[in-house]
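Chains as they are written, first to last, in the working numbering: chain A, 72 to 185; chain B, 3 to 113.
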């Protein structure tokens, strides 16, 4: 069964540095998402992406964040200048149809900002 | 926006007993309600979902019920097994792409 994949599994960075988290969604899916989960807390929506543009974003997704689909398979989340509070597990997800369709999650990237 | 609340935050049951987790939502426009199971250090995995045009859905030992009037939905796990131990998250979606998650329930099944 196809799965969403993410790299790296764990990223450690210094405060103020830029990080890029990578995701490969399920190949025939058209809707892509990023969520984050701070340790012990709920999963929080960051952004959704369809047809090469952002379709929804949350208050968390400020100017420090950007997303990109650089090619036909990858979907990336960039954090320009990391802060301590960006430390979290970041999950990518994809779905076939959007609009409340089932979303399949990747294994996550644990980001630690020192 | 939508607000999803989930109870209880922790739940311990004896193997073979049933477990029930409840969620409420605030926006009556929400129409899709998935449940995810997350084992320690792993990805959230969809275990069952329900849409607003259905009141109940069952898949083997797992069932979900939805009360649109009261704006709550529940996950029922019967004949629990140790491998059911995990954190369970409910979510709601309002005809859009954003999932609003509950705070999670840590379920422990005691052998």
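Glycine included, each C-beta is placed from N, C-alpha and C at the ideal position.
Pairwise C-beta distances place the region 165-182 of chain A in contact with the region 73-88 of chain A, as three or more of them are shorter than 8 Å.
Using a Cβ-Cβ cut-off of 7 Å, residue 174/A is close to 101 of chain B, given in chain order. Against chain B, the CB of residue 75/A has a partner CB under 9 Å away; the residue lies at that interface. In the DSSP assignment, residue 95/B falls within the unbroken beta strand (DSSP E) covering 88-95. Counting of Cβ neighbours within 10 angstroms places residue 31/B among the exposed residues, the total staying below 16.
Taking C-beta atoms as the reference points, residue 29/B and residue 55/B fail to come closer than 9 Å. The CB of residue 126/A comes closer than 7 Å to the CB of 99 in chain B, given here in chain order. Contact annotation: residue 112/B and residue 14/B have beta-carbon atoms nearer than 9 Å. At a cut-off of 9 Å between beta-carbon atoms, residue 82/A makes no contact with chain B. Minimum Cα-Cα distance from residue 51/B among the listed residues 39/B, 11/B and 45/B corresponds to 39/B. With a threshold of 9 Å between beta carbons, residue 166/A makes contact with chain B.
Burial of residue 95/B is indicated by the presence of at least 16 other C-beta atoms within 10 angstroms of its C-beta. The beta carbon of residue 27/B sits no closer than 9 Å to any beta carbon of chain A. Secondary structure at residue 155/A: helix, using DSSP grouped into helix, strand and coil.
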